[in-house]
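Worksheet for the structure shown next.
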């Protein structure tokens, strides 16, 4: 199969939206209308092939697919669609997809309207200077309010009413007109056909037989399966094993040309040899300049991953390396803990990202894992003037050698019903946040600041902006926000930098021995309450021993909280049916001596539930 097409007849676009606004369903309809997937092979959320994606109903990985559409005048166009995730933790996937496109469909639910991620993704698309097509989906639902939502799009983003497309992805209403609008409004690629070949790697996967499969957007020139490839960052070259497009399964085409989106099977076996963001070129006629790659993301949340069985360490390392190939935002660093043995300190973009990686490791690679409580990375200014980055609480230097500790700060956007403003403000106040601004959506029927008319109708909504420390988000923030707004609030956040704060390290001692994996960094004002909460949780999760186990929280040498796990006692007097009291006393003293010796030499195993209990600190707000 060979696909050669003039760039004028190629359109590269992606679908961006908030979670559950119908991206994947819309992609299904477009695949069906263009005949890309046979009716007998069609299933709901066709592009969400991962078991976890289908279970949770969210897109985790961006997918590329090649479609052919014939316009009413009979002209044939090649449409390259990239379906993107909607969750804020996977916004890096969205940014990579945007870099490979010239246009984007902004999908908004006709019942829910503009949400926080809608705003964030639109701003991201505008940064890449993409042609935006606003699409209001689910117009067939009885509760749909397409006019209200169109008003929100006009107010917030400045779209004209005649630019907005009204569709129902479920039953195909308006989808054929949407394909024609993509052809008319999204510009074609502007690559140079006869320039040296250059292609940007926007994603990759690993195949046992074909090595690293690079998903590429060809910027200039042409490549065929008989050419030799060069990776511009490392200078390594390799014979191409296969070249093709996603239609929607990987389909060999023999060549790729300027403007196309497809894949190249490189044969590389090492993860580092062809990374996301690299530029590929022809080894015989290499290009001079690589394409601008992606801004390297800094991980926001860190956690330790340890195998429950120490012998699985090498399997865990191999699994993490393969996952990293498919997930460029995951960072891995080996670490050793006295309590848990050998494992890895991993960096994630958020708590959902952490959950997904953990589940993929357990399901796809059959690993039994212990995951420590998540923490964030801090900047520490030492007394010497040096600035270091600390992502493990147990590595925080002593107060004597630090001038200040800086914590990561987020810019938070919350879209919520106007009736929930008080509940949201109360929650944010308890999380050390700073209020920035608030604006009522005029498309909802309330004028700016007109809270009285907003409260009259529960559907009227408000956009609230705050700054808040990232550490406060780890303590069950998202669940609290949802429960206080009856599930109607949506959230988006961006990293804004570091800010100095009075932070201290809380050490957890079990039977007088510090457990590094349970250490955490806290604000000085919250430290005592947090330490008390942790030791109370641990008392109920650490099993009773034959000796008394003290659990303590300490800041430096000062104990701020203590709980005790009572000892299990054997009734040594059960065989005494009377007789001299000295006999009983002797038995009790012997038991007491044995327990003292056991406490001195005994080790307390800290179960996985103890680490999980730290995640629940702060549930009560």
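Numbering (our numbering), first residue to last: 30 to 650. For every residue, glycine included, the Cβ atom is placed at its ideal position computed from N, Cα and C.
Exercise for review: Please classify residue 43: is it buried, with 16 or more other beta-carbons within 10 angstroms of its beta-carbon, or exposed?
Suggested key: Looking up residue 43 in the chain shown gives position 14. By the neighbour-count rule (16 or more Cβ atoms within 10 Å), residue 43 is buried.
Exercise for review: Going by CA-CA distance only, name the one from 614, 592, 293 that's closest to residue 279.
Suggested key: Within the chain shown, residue 279 is the residue found at index 250, counting from 1. It is 293 whose Cα lies nearest to the Cα of residue 279.
**Study point:** Integer Cβ distance of residue 147 from residue 161, believed to fall under 8 Å
**Key:** As a working mapping, residue 147 is identified with position 118 in the chain shown. As a working mapping, residue 161 is identified with position 132 in the chain shown. Residue 147 to residue 161, Cβ: 11 Å. No contact.
Check your understanding: Where does residue 313 sit, in a helix, a strand or coil, going by DSSP?
Key -> By one-based count along the chain shown, residue 313 stands at place 284. Note: residue 313 maps to coil in three-state DSSP.
Exercise for review: Kindly list the residues whose CB is nearer than 6 Å to the CB of residue 557, restricted to its own chain and excluding five residues on each side of it in sequence; keep chain order.
Suggested key: Translated into the one-based positions of the chain shown, residue 557 becomes position 528. Correct list, in chain order: 589.
Exercise for review: Can you have a look at residue 412 and say buried or exposed, based on whether 16 or more other CB atoms are within 10 angstroms of its CB?
Suggested key: Position 383 of the chain shown, counted from the first residue, corresponds to residue 412. So residue 412 counts as exposed.
Review point. Taking Cβ to Cβ, would you say residue 19 is nearer than 8 Å to residue 245?
Key: There is no way to answer for residue 19, as the model of the chain reaches only from 30 to 650.
Check your understanding: So is residue 144 buried or exposed if we call it buried at 16+ other beta carbons inside 10 Å?
Key -> For the purposes of this step, residue 144 is taken as the residue at position 115 of the chain shown. That one is buried.
Exercise for review: Leaving aside the five residues before and after residue 189 along the sequence, list all residues of the same chain whose C-beta is less than 8 Å from its C-beta, in chain order.
Suggested key: In the chain shown, residue 189 corresponds to position 160, counting from 1. So the list reads 183, once near-sequence residues are dropped.
Point to revise | Range covered by the alpha helix (DSSP H) that runs through residue 168 | key: To locate residue 168, count along the chain shown from 1; it is residue 139. Here residue 168 belongs to no alpha helix (DSSP H), and DSSP marks it neither H nor E.
Review point. Under a three-way DSSP split, which group does residue 421 fall into?
Key: As a working mapping, residue 421 is identified with position 392 in the chain shown. Residue 421 falls in the coil class under three-state DSSP.
Check your understanding: Can a CB atom of chain B be found closer than 8 Å to the CB of residue 111?
Key -> Any reference to chain B falls outside this structure, which holds one protein chain only.
Point to revise | Any 3 or more C-beta pairs closer than 8 Å across the stretch 165 to 181 and the stretch 130 to 142 | key: yes
Practice item. With DSSP collapsed to three states, give me the class of residue 226. Key: Here the question's residue 226 lines up with position 197 in the chain shown. In the structure shown, residue 226 sits in coil (DSSP, three-state: anything other than H, G, I, E or B).
Point to revise | Assumed close pair residue 595, residue 564 - CB separation to whole angstroms, cut-off 8 Å | key: As a first step, residue 595 is located in the chain shown; it is residue number 566 there, counting from the start. As a first step, residue 564 is located in the chain shown; it is residue number 535 there, counting from the start. The pair is not a contact, with the Cβ atoms about 14 Å apart (cut-off 8 Å).
Check your understanding: Which one of 541, 520, 339 has the shortest CA to CA distance from residue 441?
Key -> Counting from 1 along the chain shown, the entry for residue 441 is found at position 412. For residue 441, the nearest C-alpha among the options comes from 520.
Review point. Does the distance from the CB of residue 501 to the CB of residue 460 come in under 8 Å?
Key: By one-based count along the chain shown, residue 501 stands at place 472. By one-based count along the chain shown, residue 460 stands at place 431. For residue 501 and residue 460, yes; Cβs fall inside 8 Å.
Practice item. For residue 105, write down the residues that DSSP places opposite it in a beta bridge. Key: Here residue 105 refers to the residue found at position 76 of the chain shown. In the DSSP output, where bridge partners are listed per residue, residue 105 has 99.
Point to revise | Proximity to residue 14 [Cα-Cα], best of 222, 369, 350 | key: Outside the shown range of the chain (30 to 650) lies residue 14, about which nothing can therefore be said.
Check your understanding: Do you know offhand how far residue 474's Cα is from residue 175's?
Key -> Reading the chain shown from its first residue, position 445 is the one you call residue 474. Reading the chain shown from its first residue, position 146 is the one you call residue 175. Below a pLDDT of 50, predicted positions are generally treated as unreliable, and residue 474, at 43, falls in that range; the measurement from the model is reported next regardless. The alpha-carbon atoms of residue 474 and residue 175 are separated by roughly 13 Å.
Check your understanding: If we ignore side chains and look at the alpha-carbon of each, how far apart do residue 229 and residue 159 end up?
Key -> Taking the first residue of the chain shown as position 1, residue 229 is located at position 200. Taking the first residue of the chain shown as position 1, residue 159 is located at position 130. Rounded to whole angstroms, residue 229 to residue 159 spans 17 Å at the Cα level.
Review point. What residues are listed by DSSP as bridge partners for residue 161?
Key: The sequence position of residue 161 within the chain shown is 132, counting from 1. According to DSSP, which records beta bridges pairwise, residue 161 is partnered with 133.
Check your understanding: Taking the alpha-carbon positions, what's the residue 275 to residue 170 distance?
Key -> Stepping through the chain shown from its first residue, residue 275 is reached at position 246. Stepping through the chain shown from its first residue, residue 170 is reached at position 141. So the two alpha carbons sit approximately 33 Å from each other.
Practice item. On the DSSP bridge assignment, give the partners of residue 204 in chain order. Key: Stepping through the chain shown from its first residue, residue 204 is reached at position 175. Paired residue(s): none; residue 204 is not in a bridge.
Review point. Can you give the beta carbon distance from residue 220 to residue 288, rounded, assuming they're within the 8 Å contact cut?
Key: For the purposes of this step, residue 220 is taken as residue 191 along the chain shown, with counting starting at 1. For the purposes of this step, residue 288 is taken as residue 259 along the chain shown, with counting starting at 1. Residue 220 to residue 288, Cβ: 5 Å. Contact.
**Study point:** Same chain, Cβ closer than 6 Å to residue 307, neighbours up to 5 away in sequence not counted
**Key:** As a working mapping, residue 307 is identified with position 278 in the chain shown. 230, 260, 262, listed in sequence order.
Exercise for review: Determine contact between the stretch 334 to 345 and the stretch 385 to 402, defined as no fewer than three beta-carbon pairs at a distance below 8 Å.
Suggested key: yes
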